[in-house]
Amino acid sequence: MKIVKRYFLKEFLKLFAVTSVGLGLLLSLFDLIKRIGSLMPHGPSLGQLALHVALSFPRFFLALMPMAALLCSLYAVSQAARAKETVAVMASGGRLRDLLAPFVAAGLLLSLLGFAVGEFVVPASSLRAQALENAIMGRSTVPSISMDGMMWLRAEDGSVVKMDLYVPEDDTFRGMEIFRIGGTGRLDEIIQADQARYLPSEGAWLLSEVRLYDTRTGEVRHARTYRYSRLAAPSLFTRQIEKPYELGFFELKRYLARLEKAGFRNLKLSVELYSKVSYPLVSLFMVVLGVSISLRKSLRGLVATALGIVVSLLYWLGYTLALTLGYAGVLPPMAAVWLAPLLFGALAAYLYATIPE
């Protein structure tokens, strides 16, 4: 029995590796083709284009994991059923649910892999892909360090700028501090502002409720507003927060906690936070659903494959709809991200429990 289990599981994992990696690379190539019009005028090398594909791959691999898990489990088990291998197992006194238990364990491992990829690999690779695009296109970037929504940047005049919190709702920063460095390398002035907003028409930042500390004389001045034009537009350094998949679960959670402490609640980011846990778990549900469907006598071969594609599309439709309702505030964030996974998980558990022995 153990040999048969290992054989079935090995076939599934081989299929999953080939399918998920192949489709992930294919979508990475499509993504490059979509961007090629803006990259080619700058003469990128073949190596740079290949590196862009490689850096885009983890994001698409993560997105395709549930669909690949469903289709590969369907195919692997339905092929075994067509070859009467499952009949042989039952004839020798084995139980199908025991035979398929390793698939459940494999689905759990795939879910853990998905969480790890989304937490560590996707954020790092996405940021490197953006940096590569900037290098190819010769776009200027602002030297910066970002963590939990707090940013440290270097302005054009060499000053160090600290921004405590980015608020996406009104595109403002709370708690800006500018440390102006003089020609001798010493700190000449500290500018503190409760709020800062970029004015595209003026190419400058408008600081509100400002305190200016002259470190040379000890003088302190106050101003309602102050314009600062030595720092670039925020579009050059807020991209990481605007695209939540470039943040890991714990980093996004800390950023949301800081937002709520400041009195802001961002529904979209809340939904994205919970989805970083719910989405990887879908791979487990899809594996269980796949092996359960494929053992129905009327659902094998091409019928099983077609049904797998339909189920995948239905899941994507339901999941996307629920997320949209969560973004709009119609559903609570937790309900929005768990509605579709739990429905399909319940269906998978029912079908698994009723596998004909």
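If you want the working numbering, it's the 1-based position in the sequence shown plus 215. Heads up, the beta-carbon is just placed ideally off N, CA and C, and yes, glycines get one too.
Residue burial classification, proline 571 (beta-carbon count within 10 angstroms, cutoff 16): For this step, residue 571 is matched to residue 356 along the sequence shown. Label assigned to proline 571: exposed.
The region 462 to 471 touching the region 244 to 261, judged by at least three CB pairs closer than 8 Å: no
Of the listed residues Gln263, Lys217, Arg312 and Ala555, nearest to alanine 568 (C-alpha basis): Within the sequence shown, numbered from 1, the residue matching residue 568 stands at position 353. Shortest Cα-Cα distance from alanine 568 to any of Gln263, Lys217, Arg312 and Ala555 involves Arg312.
Identity of the residues DSSP links to serine 423 by a beta bridge: Your numbering for residue 423 matches position 208 in the sequence shown. DSSP, once it has assigned bridges, lists Gln410 and Thr440 as partnering serine 423.
Those residues which DSSP pairs with lysine 377 across a bridge: Here residue 377 corresponds to residue number 162 of the sequence shown, with the count starting at 1. Partner(s): Trp367 and Glu392.
C-alpha gap between tyrosine 428 and alanine 346, whole angstroms: Translated into positions along the sequence shown, residue 428 becomes position 213. Translated into positions along the sequence shown, residue 346 becomes position 131. Near 36 Å, if we compare the C-alpha coordinates of alanine 346 and tyrosine 428.
At least 3 beta-carbon pairs within less than 8 Å: the region 546 to 559 vs the region 484 to 495: yes
Cα-Cα separation between tyrosine 460 and glycine 333, rounded to whole angstroms: The sequence position of residue 460 within the sequence shown is 245, counting from 1. The sequence position of residue 333 within the sequence shown is 118, counting from 1. Using only the alpha carbons, I get a separation of about 8 Å.
Given tryptophan 420 as reference, the closest of Leu266, Val233 and Gln407 once Cα atoms are compared: Residue mapping note: residue 420 aligns to position 205 of the sequence shown, counting from 1. Of the listed residues, the one whose Cα sits closest to tryptophan 420 is Gln407.
For phenylalanine 231 and leucine 324, the rounded distance between their alpha carbons: For the purposes of this step, residue 324 is taken as residue 109 along the sequence shown, with counting starting at 1. For the purposes of this step, residue 231 is taken as residue 16 along the sequence shown, with counting starting at 1. Going from the Cα of leucine 324 to the Cα of phenylalanine 231 covers about 13 Å.
Buried or exposed by the 16-neighbour rule on C-beta atoms within 10 Å, applied to alanine 331: To locate residue 331, count along the sequence shown from 1; it is residue 116. Exposed, because fewer than 16 other Cβ atoms sit within 10 Å of the Cβ of alanine 331.
For serine 509 and valine 292, believed in contact at Cβ under 8 Å, the rounded distance: Here residue 292 refers to the residue found at position 77 of the sequence shown. Here residue 509 refers to the residue found at position 294 of the sequence shown. Valine 292 to serine 509, Cβ: 4 Å. Contact.
Residue from Leu277, Thr440 and Gly505 whose Cα sits closest to the Cα of serine 341: Counting from one through the sequence shown, the residue named residue 341 turns up at place 126. Check the Cα spacing between serine 341 and each of Leu277, Thr440 and Gly505: the tightest is with Leu277.
Beta-carbon proximity check, serine 288 vs valine 486, cutoff 7 Å: Taking the sequence shown and counting its residues from 1, the one referred to as residue 288 is at position 73. Taking the sequence shown and counting its residues from 1, the one referred to as residue 486 is at position 271. The answer is no: Cβ separation not under 7 Å.
C-beta contact flag for leucine 488 and lysine 468 at 7 Å: Locating residue 488 in the sequence shown gives position 273, counting from the first residue. Locating residue 468 in the sequence shown gives position 253, counting from the first residue. For leucine 488 and lysine 468, yes; Cβs fall inside 7 Å.
Where the alpha helix (DSSP H) through histidine 267 begins and ends: The residue given as residue 267 occupies position 52 in the sequence shown. Counting along the chain, the alpha helix (DSSP H) containing histidine 267 begins and ends at 261 to 297.
Residue ranges of each beta strand (DSSP E) within the region 473 to 550, 3 or longer: none
Between the CA atoms of asparagine 349 and alanine 411 - distance to the nearest angstrom: Residue 411 sits at position 196 when you count from the first residue of the sequence shown. Residue 349 sits at position 134 when you count from the first residue of the sequence shown. Going from the Cα of alanine 411 to the Cα of asparagine 349 covers about 26 Å.
Limits of the unbroken alpha helix (DSSP H) element including alanine 316: Looking up residue 316 in the sequence shown gives position 101. Its alpha helix (DSSP H) spans residues 311 to 331.
C-beta contact flag for valine 233 and valine 503 at 7 Å: Numbered from its first residue, the sequence shown carries residue 233 at position 18. Numbered from its first residue, the sequence shown carries residue 503 at position 288. No, they are not a contact pair.
Alpha carbon of glycine 322 to alpha carbon of proline 548, nearest angstrom: Numbered from its first residue, the sequence shown carries residue 322 at position 107. Numbered from its first residue, the sequence shown carries residue 548 at position 333. So the alpha carbons of these two residues sit roughly 25 Å apart.
Residue interval of the alpha helix (DSSP H) (run including tyrosine 460): Reading the sequence shown from its first residue, position 245 is the one you call residue 460. Run containing tyrosine 460: none; DSSP gives neither H nor E here.
Integer Cβ distance of phenylalanine 394 from isoleucine 405, believed to fall under 8 Å: Sequence index remark: in the sequence shown, residue 394 carries index 179 (1-based). Sequence index remark: in the sequence shown, residue 405 carries index 190 (1-based). Yes, they are in contact, since the Cβ atoms of phenylalanine 394 and isoleucine 405 sit about 6 Å apart, within 8 Å.
Cβ neighbour criterion (16 or more within 10 Å) applied to glycine 239: As a first step, residue 239 is located in the sequence shown; it is residue number 24 there, counting from the start. Answer is buried; the Cβ neighbour count reaches 16.
Whether proline 256 touches valine 337 by CB criterion (7 Å): The sequence position of residue 256 within the sequence shown is 41, counting from 1. The sequence position of residue 337 within the sequence shown is 122, counting from 1. No, these two residues do not count as a Cβ contact at 7 Å.
Helix, strand or coil at isoleucine 248 according to DSSP, with G and I counted as helix: Residue numbering aside, residue 248 sits at position 33 when the sequence shown is read from its first letter. Helix, per DSSP.
For isoleucine 218 and leucine 314, the rounded distance between their alpha carbons: Counting from 1 along the sequence shown, the entry for residue 314 is found at position 99. Counting from 1 along the sequence shown, the entry for residue 218 is found at position 3. Distance between the alpha carbons of leucine 314 and isoleucine 218: 10 Å.
Under 7 Å between C-beta atoms of proline 317 and leucine 241: For the purposes of this step, residue 317 is taken as residue 102 along the sequence shown, with counting starting at 1. For the purposes of this step, residue 241 is taken as residue 26 along the sequence shown, with counting starting at 1. Cβ distance not < 7 Å, so proline 317 and leucine 241 don't count as in contact.
Counterpart residues of glutamate 404 in DSSP-defined beta bridges: Here the question's residue 404 lines up with position 189 in the sequence shown. Glutamate 404 pairs with Arg395 and Asp429.
Neighbour-count burial assignment, histidine 437, 16 or more Cβ in a 10 Å radius: Taking the sequence shown and counting its residues from 1, the one referred to as residue 437 is at position 222. When all chains shown are included, histidine 437 counts as exposed.
Same chain, Cβ closer than 8 Å to leucine 471, neighbours up to 5 away in sequence not counted: Stepping through the sequence shown from its first residue, residue 471 is reached at position 256. So the list reads Asn481, Leu484, Ser485 and Leu488, once near-sequence residues are dropped.
Threonine 387 in three-state terms, based on DSSP: One-based indexing of the sequence shown puts residue 387 at position 172. The answer is strand: DSSP assigns threonine 387 an E or B state.
Which of helix, strand or coil DSSP assigns to serine 361: Against the sequence shown, residue 361 aligns to sequence position 146. Note: serine 361 maps to strand in three-state DSSP.
Cβ neighbours of leucine 402 in the same chain (closer than 7 Å, five flanking residues each side left out): Position 187 of the sequence shown holds residue 402. The residues are Phe394, Ile396 and Thr430.
For leucine 414 and threonine 440, believed in contact at Cβ under 8 Å, the rounded distance: For the purposes of this step, residue 440 is identified with residue 225 of the sequence shown, where counting begins at 1. For the purposes of this step, residue 414 is identified with residue 199 of the sequence shown, where counting begins at 1. Wrong, their Cβ atoms sit about 11 Å apart, outside the cutoff.
Alpha-carbon to alpha-carbon, proline 383 and leucine 522: Working through the sequence shown from its first residue, we reach residue 522 at position 307. Working through the sequence shown from its first residue, we reach residue 383 at position 168. Taking the straight line from one Cα to the other gives about 41 Å.
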